[in-house]
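In what follows, a structure is listed as structure tokens, so that the remarks can point back to it.
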Amino acid sequence: MRFSHLFTATRRDAPKDEVAKNAQLLVRAGFIHKEMAGVYSYLPLGFRVLKKIENIIREEMDAIGGQEVLLTALQDPDVWKKSGRWSDDVVDNWFKTTLANGAEAGIANTHEEPLTALMREHVRSYRDLPRYVYQIQDKFRNELRAKSGLMRGREFIMKDLYSFTKDENELERFHEKCAEAYLRIFRRVGLGELTYRTFASGGAFSKYSDEFQTLSEAGEDTIYVDKEKGIAVNKEVYTDEALADLGLKKENLVEAKAIEVGNIFKLGTRFSEALGLTYRDEDGAEKPVVMGSYGIGLGRLMGAAVEVFSDEKGIVWPEEIAPFAYHLIALGAERTVRARADEIYDMFAASGAEALYDDREESAGVKFADAELIGIPTVIIVSEKTLSAGEDRVEVRRRATGASRMARIGDIVT
Ligand code: ATP
Ligand code: MG
8 MRFSHLFTAT
18 RRDAPKDEVA
28 KNAQLLVRAG
38 FIHKEMAGVY
48 SYLPLGFRVL
58 KKIENIIREE
68 MDAIGGQEVL
78 LTALQDPDVW
88 KKSGRWSDDV
98 VDNWFKTTLA
108 NGAEAGIANT
118 HEEPLTALMR
128 EHVRSYRDLP
138 RYVYQIQDKF
148 RNELRAKSGL
158 MRGREFIMKD
168 LYSFTKDENE
178 LERFHEKCAE
188 AYLRIFRRVG
198 LGELTYRTFA
208 SGGAFSKYSD
218 EFQTLSEAGE
228 DTIYVDKEKG
238 IAVNKEVYTD
248 EALADLGLKK
258 ENLVEAKAIE
268 VGNIFKLGTR
278 FSEALGLTYR
288 DEDGAEKPVV
298 MGSYGIGLGR
308 LMGAAVEVFS
318 DEKGIVWPEE
328 IAPFAYHLIA
338 LGAERTVRAR
348 ADEIYDMFAA
358 SGAEALYDDR
368 EESAGVKFAD
378 AELIGIPTVI
388 IVSEKTLSAG
398 EDRVEVRRRA
408 TGASRMARIG
418 DIVT
């Protein structure tokens, strides 16, 4: 991608209406556009990061047997009335709308009810189970406070998987498998060392739920981490009883602020009973399907990455989710420099390596400041200085460390 073709411009100053660091940096660097409070569009750079996160999540969900679907954002109130969650007194962040004929419709804040209802047409006997169904789709929630940028949107993208199993044992096995897949996801996006499986309140069907919490001062949650064991417990269930259940000792725990990037709930038969999702078991008995739900917020994950991987100059993307692997800078307007940088850009393109090429007529200062703000991991500089060291020489700078060295371009891309 040539910078001169990118329609997004960077900004020097932080937008005044943003308080969250992730929103300030992502808006300044041209990754997202704020439509209104808690509502953001993804621009080309942000969209590339989003797609990378999405692909990692998709690979891991497919690997544990997930089948991808795309459910509707407009929802039938009937299924919600059956579960008792249509009322605004029960779900306080509903967006609802009225159809032309006067009938009401819900705007998706989650998908347990419609998916459970849909599965009635596809699950009849034990042979049809287990089923693991997921989507990566927009959710709409009328959140009271939307000041955390991408981390708490009124419209946001979630991966939500729902498991449909015969019994508690099958649910338990998948629950563990998915928890491991989640840890792989957070490792792959670069948040592994900061993200802990955290025991939190479970709701009606199990004592605990699993949250995946990324350590950050920007987090809304307080957790107690056992770094040795690699697990944590949320303040909301931090009791002597819970510690005993989880085999944790108070003296090994440190208190920390954290961002909930994902969570897993055992739903049991809460929705299958309400909506009549049953199956016939091997003995011919009719039983309710046992369910679980498994969420990850893609925007929240992206926001969390910016919160924890940034410095006073800008964002410092982890390799796996960076919008590009290389940020190629042509320094100076000399024809030789331009021609060589063009050639190197063509080499990147031919090799399939992803490069953003700053071919603009801008000063070195502007180009470096933008590279630091945008945060691509490796910056490749072509200048008179590098050319005088040799046709094949470039300067390689690491965004994370600032370390710089001369290298042969042939060692980076062929
Ligand atoms: P929270 O307690 O933070 O409101 P939640 O318990 O309501 O989250 P779920 O409904 O289970 O979360 O959603 C699953 C995941 O979706 C969360 O772990 C989080 O990553 C993400 N998520 C939830 N609400 C939002 C939001 N308003 N904006 C962005 N991501 C969200
Ligand atoms: Mg919520």
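Taking our numbering, I'd label the letters of the sequence shown as residues 8 to 421.
Here a beta-carbon is modelled for each residue, glycine too, at the ideal position from N, C-alpha and C.
Requested in this report: For residue 11, verify whether its CB is less than 8 Å away from any heavy atom of the ligand ATP.
Outcome: The answer is no for residue 11.
Query raised in the report: Sorry if obvious, but does the Cβ on residue 268 come closer than 8 Å to a heavy atom of the ligand ATP?
Result: Yes; taking the cut-off as 8 Å, the Cβ of residue 268 has a heavy atom of the ligand ATP nearer than that.
Query raised in the report: If residue 136 and residue 181 are in contact, beta carbons under 8 Å, what's the gap, nearest whole angstrom?
Result: About 11 Å separates the two Cβ atoms, so there is no contact after all.
Report task. Compute every distance between the C-beta of residue 114 and the non-hydrogen atoms of the ligand ATP, then say whether any falls below 8 Å. Result -> Residue 114: no, Cβ never under 8 Å from the ligand ATP.
Report task. Pull up the distance between the alpha-carbon of residue 333 and that of residue 343, whole angstroms please. Result -> The alpha-carbon atoms of residue 333 and residue 343 are separated by roughly 21 Å.
Query - Residue-level contact to chain B via CB, residue 108, 9 Å cutoff - result: Given the protein chain composition of this structure (a single chain), no chain B is represented.
**Report entry** residue 57 versus residue 337 - alpha carbon distance
**Finding:** Spanning the two alpha carbons is a distance of roughly 28 Å.
**Report entry** Cβ neighbours of residue 284 in the same chain (closer than 6 Å, five flanking residues each side left out)
**Finding:** Cβ neighbours of residue 284 beyond the five flanking positions: 123, 126, 127, 296.
Query raised in the report: Beta carbon of residue 43: closer than 8 Å to some heavy atom of the ligand ATP?
Result: No; taking the cut-off as 8 Å, the Cβ of residue 43 has no heavy atom of the ligand ATP nearer than that.
**Report entry** DSSP beta-bridge partners of residue 238
**Finding:** For residue 238, which the question treats as bridged, DSSP gives the partners 204, 233.
Report task. Return the CA-CA distance between residue 393 and residue 414, expressed in angstroms with no decimal places. Result -> Cα-Cα distance, rounded: 9 Å.
Query raised in the report: Is the beta carbon of residue 266 less than 9 Å from the beta carbon of residue 225?
Result: Contact flag set, yes.
Query raised in the report: When the Cα atoms are used, what is the spatial distance from residue 215 to residue 10?
Result: Taking the straight line joining both Cα atoms gives about 48 Å.
**Report entry** Stretch-stretch touch, CB-based, cutoff 8 Å, three pairs: the segment 42 to 61 with the segment 161 to 175
**Finding:** Yes, the segment 42 to 61 is in contact with the segment 161 to 175.
Query - residue 250 - partner residues in DSSP beta bridges - result: Answer is none; residue 250 lacks a bridge partner.
**Report entry** Ranges of the beta strand (DSSP E) found wholly within the segment 357 to 388, counting only runs of at least 3
**Finding:** Within the segment 357 to 388, the complete beta strand (DSSP E) runs of at least 3 residues are 362 to 365.
Query raised in the report: Taking three-plus beta-carbon pairs below 8 Å as touching, is the segment 175 to 192 in contact with the segment 92 to 110?
Result: They do not touch, by the three-pair rule.
Report task. Go ahead and label residue 425 buried or exposed: buried means 16 or more other beta carbons lie within 10 angstroms of its beta carbon, across all protein chains shown. Result -> What the structure shows of the chain is the stretch from 8 to 421, and residue 425 is not part of that stretch, so it cannot be assessed.
Report task. Could you check if residue 99 is buried or exposed, using at least 16 other CB atoms within 10 Å of its CB as the buried criterion? Result -> The residue is exposed, with fewer than 16 neighbouring Cβ atoms inside 10 Å.
Requested in this report: At 4 residues or longer, and completely inside the segment 299 to 356: list those alpha helix (DSSP H) runs for me, N to C.
Outcome: Here the runs fully enclosed are 305 to 315.
Query raised in the report: Going by Cα to Cα distance, which pick from 341, 69, 155, 407 is closest to residue 368?
Result: Ranking the options by Cα distance to residue 368, first place goes to 341.
Report task. Could you give the DSSP three-state label for residue 49: helix, strand or coil? Result -> Correct three-state label for residue 49: strand.
Query raised in the report: Would you call residue 259 buried or exposed, if buried means 16 or more other Cβ atoms sit within 10 Å of its Cβ?
Result: Here residue 259 is exposed, its C-beta having fewer than 16 other C-beta atoms within 10 Å.
Query raised in the report: Looking only at its own chain, which residues have a Cβ that is under 8 Å from the Cβ of residue 86, when we skip the five neighbours before and after it?
Result: Excluding five sequence positions before and after residue 86, the CB atoms of its chain that fall closer than 8 Å to its own CB belong to 120, 121, 123, 124, 282, given in chain order.
Query raised in the report: Whose CA, out of 269, 290, 41, lies closest to the CA of residue 199?
Result: It is 269 whose Cα lies nearest to the Cα of residue 199.
Query raised in the report: If you draw a straight line from the C-alpha of residue 213 to the C-alpha of residue 304, how long is it?
Result: When rounded, the distance between both Cα atoms is 22 Å.
Query raised in the report: How close, in whole Å, do the beta carbons of residue 273 and residue 299 come, if the pair is a contact with beta carbons under 8 Å?
Result: 5 Å between Cβ atoms; contact.
Query raised in the report: Does the ligand ATP have even one heavy atom less than 8 Å from the beta-carbon of residue 68?
Result: In this structure, the ligand ATP has no non-hydrogen atom nearer than 8 Å to the beta-carbon of residue 68.
**Report entry** Given residue 187 as reference, the closest of 374, 370, 238 once Cα atoms are compared
**Finding:** When each option's Cα is compared against that of residue 187, the closest is 238.
**Report entry** residue 141 beta carbon less than 9 Å from that of residue 75
**Finding:** For the 9 Å CB-CB criterion, residue 75 and residue 141 form a contact.
Query - Complete beta strand (DSSP E) runs within the segment 46 to 100 (minimum length 3 residues, chain order) - result: The segment 46 to 100 contains these whole beta strand (DSSP E) runs: 46 to 49.
Query raised in the report: If you draw a straight line from the alpha carbon of residue 428 to that of residue 293, how long is it in whole angstroms?
Result: Examination of residue 428 is not possible in this model, given that the chain is present from 8 through 421 alone.
Query - Residues that residue 293 bridges to, as DSSP identifies them - result: Bridge partners of residue 293: 287.
Query raised in the report: Regarding residue 165 and the ligand ATP, is the C-beta to nearest heavy atom distance less than 8 Å?
Result: Under cutoff, so the answer is yes.
Report task. Answer yes or no: the CB of residue 146 versus the heavy atoms of the ligand ATP, is any distance below 8 Å? Result -> Under cutoff, so the answer is yes.
Requested in this report: Report yes if the C-beta of residue 238 is less than 8 Å from at least one heavy atom of the ligand ATP; otherwise report no.
Outcome: Using a cutoff of 8 Å, the CB of residue 238 does not count as near the ligand ATP, since none of the ligand's heavy atoms is closer than that.
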